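Report on the structure given below.
Protein chains in written order, with this note's numbering: chain A, 1 to 111; chain B, 1001 to 1115.
Okay, here's the thing in structure tokens:
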């Protein structure tokens, strides 16, 4: 069956460091992959999308990689700030606009 | 510009009672989604609409859940009767267009507690 795995434990890092979150999947061939941010009590907010034929995508302090051979995406936040503390969700996109979400990784950036 | 609006934000009911959630998507977004999110988990799709047509309702428990989007704009999700296991956050999202590359805009969700 299809499975999406994100960092199994919460991630705690020091301000200014680079946070790296992982998204691994099995039994899935996504056409694209998205990353969302979710704060407590709020809905997810879209951050980045990367297509299956793209290796890397950047947006300001964010960088996403997508390795379809390893079936893995890495999400990096450089120069992290306490305001980056949130839960980050990856979502795999298949045909006809359907996305399947992982369970998320909670990131805490300490000042 | 207003985002996705959901109401109510919180609902507490006793088991076996009915409950309804309302969602108004971003103006011009023809695709509307209802998700269920349990604590510590990612959103799970319940139903997806393209305009007024339900194009994916394979994960909707049809014995007790129903949804409608009569005019292709706002939507209502209903549970009747509610069970203890239905306690969760119900998220509505909308996007423009169909198919791939659909950035979804989420509402704040309705937190349902079934006692």
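Every residue, glycine too, gets a C-beta built ideally from N, C-alpha and C.
Please read all numbers here as calculations on a predicted model, not as lab measurements.
Interface residue (Cβ-Cβ distance to chain B less than 8 Å): residue 16(A) is not classified as such. The DSSP-derived three-state label of residue 1070(B) is coil.
Going by beta carbons, residue 86(A) and residue 107(A) fall inside the 8 Å limit. Counting C-beta pairs closer than 8 Å gives three or more between the region 1039 to 1058 of chain B and the region 1021 to 1031 of chain B, which meets the contact rule.
Within the DSSP bridge table, the entry for residue 1055(B) names no partner. The C-beta of residue 74(A) comes no closer than 8 Å to any C-beta of chain B. Residues of the same chain with a CB within less than 8 Å of the CB of residue 1018(B), apart from the 5 flanking positions on each side, are 1078, 1079, 1080, 1081 and 1082 in chain order.
Looking at the DSSP output, residue 76(A) sits in a beta bridge with 20(A) and 63(A). Look at residue 111(A): its C-beta is not under 8 Å from any C-beta on chain B.
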